[in-house]
Amino acid sequence: MTTPTLHYIHDPLCGWCYAIAPLIQAARGVLPLQLHGGGLMTGARRQPVTPQLRDYVMPHDRRIAALTGQPFGDAYFDGLLRDTGAVYDSEPPIAALLAAEQLGGRDADLLSRLQTAHYVEGRRIADAGVLADLAADIGLPRDAFAQALAAAGGAAVQAHMQASRALLQRLGGQGFPTLALEVGGEFRPIDANAFLGQPQRFADWLRGELPAPVAVQAAGAGPVCTPEGCAPLAN
């Protein structure tokens, strides 16, 4: 019997993933978490920061803040989102998460730090130097992190993102975030939208679900981000 696990298909640059960050933190007190970085903005989908990008993401961010209380800093809205030298690229931070996983299973800690750095502090989380600083912030040794990051890049991170997308398709997920509870080797997708802004309720719900039989179901239709854009939450 496998250990019950919460699988989280995410992207560090996905606003709706930041929206459910409190749910993920609460869930970590209930059962193990496995991260799957999907690569929202990679390859041809990498985007430089432009006024058009700022105008596109800000309404989503305002909505997320209103629904969940998640903080967005002035350094993000009026700093990073006006920094035309910055590039949104998911691959480097996902590689950093793989490196942190290798260094004592610290990937979830680093994801939380990446999200705060991006959405509150307005930092360029695709930059190697910033990633090294953020890893150091959570206590990872710089030399060991640099070595792990080098090993996690290239083919390794590409294979990870491909596997994450395959899992997303298997679960019937529409984009990021997608959550699934695995019990006894079977997966049950979770509609995280039903718990937005209610992390304790989510943790309590998870505890209640652990003994129950689990079967694969279609993923919930909550707001997600895809390479084509982020869907708004319906009123």
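For the sequence shown, our numbering begins at 160 and goes up steadily by one.
Glycine residues also receive a C-beta, built at the ideal position from the N, C-alpha and C atoms.
No experiment lies behind these values; they were computed from the predicted model shown.
| query | Where does V223 fall in DSSP's three states? | reply | The question names Val, but residue 223 is Ile in the sequence shown. DSSP places I223 in helix when its eight states are reduced to three.
| said: On the DSSP letters alone, give me the boundaries of the beta strand (DSSP E) that R347 sits inside. | reply: E345 to I349
| query | According to the Cβ coordinates, are V208 and Y247 closer than 8 angstroms? | reply | yes
| task | With DSSP as the reference, label C176 as helix, strand or coil. | result | helix
| message | Once DSSP output is grouped into helix, strand and coil, what is the label at A371? | response | Low per-residue confidence applies at A371: pLDDT is 48, beneath 50, and the placement is therefore not dependable enough to give any value.
| query | Do we get a CB-CB distance below 8 angstroms when we pair P163 with the residues of chain E? | reply | This model lacks chain E altogether, as it is built from one protein chain only.
| said: As an exercise, report each continuous beta strand (DSSP E) stretch of at least 3 residues that is fully enclosed by the stretch 283-308, in chain order. | reply: none
| Close-in-space but distant-in-sequence residues of the same chain around A276 (CB under 8 angstroms, 5 per side omitted) | R282, I284, V289 and L293
| Extent of the continuous alpha helix (DSSP H) run through Q321 | A314 to L330
| Continuous beta strand (DSSP E) stretch holding T164: start and end | T164 to H169
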